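Residue numbers (my numbering), protein chains in the order written: chain B, 1 to 146; chain A, 147 to 292.
Inspection log for the structure reproduced underneath, given as structure tokens.
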DNA sequence: TGTAAACTCTACTAATGTGATAGACATTAT
DNA sequence: ATAATGTCTATCACATTAGTAGAGTTTACA
């Protein structure tokens, strides 16, 4: 799990669409402006999120983006996994990396697994509906601000 | 926190020195061979660890490296912070990154902070003495294997 | 039926980080 | 003296990140 600008932008964008769930499609322009994201970068991000099944789009005039599912059905865990990669903080879990000589005897592995479990537990308890509610509670609601 | 090869090598090296605490200095050559680390890369890593105050060196013939403190006084948390950067998984915590428009209203921030706390809790409970004991329990002790 | 406003797709780029490698130098036990 | 050790600086190939550019396609509506 690595929260880069791109994953940060992805999360903010899904939250924005969750806030506007049930309304008209939201344009890239609006999303970009509200979350202060470079518009051409956001285009690519939205295409990714579409491929991931998190958002849908409408083309043409009065087109825009919509959340693909109800915010209560979108878990933070699945989104984070998609936009920020596997939760594990450690290289040795990744298939691309060389294996340890004897990974089963690595005393650090248990640590990384415990951190992963703790992280998953926190993420799995949260849906975007929860985040929308939390966001509405923060007076002013930062997503709308200029 | 990002566990790269370099941080992985650093942890393994400190563990190796912890296992040999109280004995003669361990040479870079031995460390490199036992943990399968490119020797020239390990040289740099050891200089970093020295600057970090984790290890000491003896130059000249029969020189080598030693742990600077007793393994029970070296916490996994401090080592990980040193070799893998701040525990936080998120860009916005880093001073170098642009601030959110209104970071106090960011609904994700609380999530990253909870993950950070959970991670710190796990790391803070472990010292290298613990890891040495755990390592000795794994029969064969991978650090010694060819 | 034209057109403006929207999404779509591919390519490119600058900056940075990662994982090394190379080679000259300094120190010390014997 | 010398061999074995640590020290230091430079360089490099490759991947990732955070964009930018530009040409396309689709659709509502006048």
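Think of the CB as a built atom: it goes at the ideal place given N, C-alpha and C, for glycine as much as any other residue.
A quick note: this is a predicted structure, and the numbers were derived from the prediction, not measured.
Margin query: Looking at the strands, I want to know which residues DSSP matches up with residue 90(B).
Written below: 149(A)
Notebook entry, point to check: If we call anything under 9 Å between Cβ atoms a contact, is residue 160(B) one with residue 42(B)?
Noted result: With chain B covering 1 to 146 only, the question about residue 160(B) has no answer from this structure.
Margin query: Less than 9 Å between the beta carbons of residue 123(B) and residue 15(B), yes or no?
Written below: no
Margin query: Taking only three categories from DSSP, how would you classify residue 125(B)?
Written below: coil
Check: When Cβ atoms are compared, which residues of the stretch 147-166 of chain A fall closer than 9 Å to chain B?
Finding: 147, 148, 149, 150, 151, 153, 154, 157, 158 and 161
Item checked: chain B contact for residue 294(A) (CB, 9 Å cutoff) -> Past the edges of chain A, shown from 147 to 292, lies residue 294(A), and the structure says nothing about it.
Notebook entry, point to check: Taking C-alpha atoms, which residue in 182(A), 218(A) and 224(A) lies nearest to residue 168(A)?
Noted result: 218(A)
Next item on the list: Just mark residue 89(B) as buried or exposed, buried being the case when its beta carbon has 16 or more other beta carbons within 10 Å.
Entry: buried
Checklist line | DSSP state of residue 117(B) mapped onto helix, strand, coil | finding: helix
Next item on the list: Check whether the Cβ of residue 264(A) lies closer than 9 Å to any Cβ atom in chain B.
Entry: yes
Notebook entry, point to check: Under 9 Å between the Cβ atoms of residue 128(B) and residue 80(B)?
Noted result: no
Next item on the list: Counting only the same chain and skipping the five closest in sequence on each side, list residues whose C-beta sits under 8 Å from that of residue 148(A).
Entry: 230 and 231
Notebook entry, point to check: Among residues of its own chain, excluding the 5 on either side of residue 266(A), which ones have a beta-carbon nearer than 6 Å to its beta-carbon?
Noted result: 233
Next item on the list: Whole angstroms is fine: what's the gap from residue 35(B)'s alpha carbon to residue 260(A)'s?
Entry: 23 Å
Check: What does residue 126(B) reach in chain A if we use C-beta pairs closer than 8 Å?
Finding: 257
Check: Between residue 110(B) and residue 280(A), is the Cβ-Cβ spacing less than 9 Å?
Finding: yes
Next item on the list: Let me know the secondary structure DSSP gives residue 59(B) once reduced to three states.
Entry: coil
Note to self: Just to confirm my understanding: we take residue 31(B), look at its own chain, exclude 5 residues before and 5 after, and list those with CB closer than 8 Å. What are they?
What the structure shows: 13, 16, 17, 37, 42, 46 and 65
Check: How long is the line joining the alpha carbons of residue 292(A) and residue 112(B), rounded to whole angstroms?
Finding: Residue placement at residue 292(A) is poorly supported in this model, since its pLDDT is 33, which falls under 50; the coordinates still yield a value, given next. The alpha-carbon atoms of residue 292(A) and residue 112(B) are separated by roughly 24 Å.
Notebook entry, point to check: Roughly how many angstroms separate the alpha carbons of residue 117(B) and residue 209(A), rounded to a whole number?
Noted result: 42 Å
Check: Leaving out five residues before and five after residue 272(A) in sequence, what residues of the same chain have Cβ atoms less than 6 Å from its Cβ?
Finding: 222
Next item on the list: Alpha carbon to alpha carbon, how far is residue 100(B) from residue 207(A)? Give it in angstroms, no decimals.
Entry: 31 Å
Check: Excluding five sequence neighbours on each side, which residues of the same chain lie with their C-beta closer than 6 Å to the C-beta of residue 52(B)?
Finding: 82
Checklist line | Under 7 Å from the C-beta of residue 108(B): neighbouring residues of chain A | finding: 157
Note to self: Mapping the DSSP letters down to three states, classify residue 253(A) as helix, strand or coil.
What the structure shows: coil
Next item on the list: Kindly indicate if chain B contains any beta-carbon less than 9 Å away from that of residue 218(A).
Entry: no
Check: Between the C-alpha atoms of residue 20(B) and residue 39(B), what's the straight-line distance to the nearest angstrom?
Finding: 19 Å
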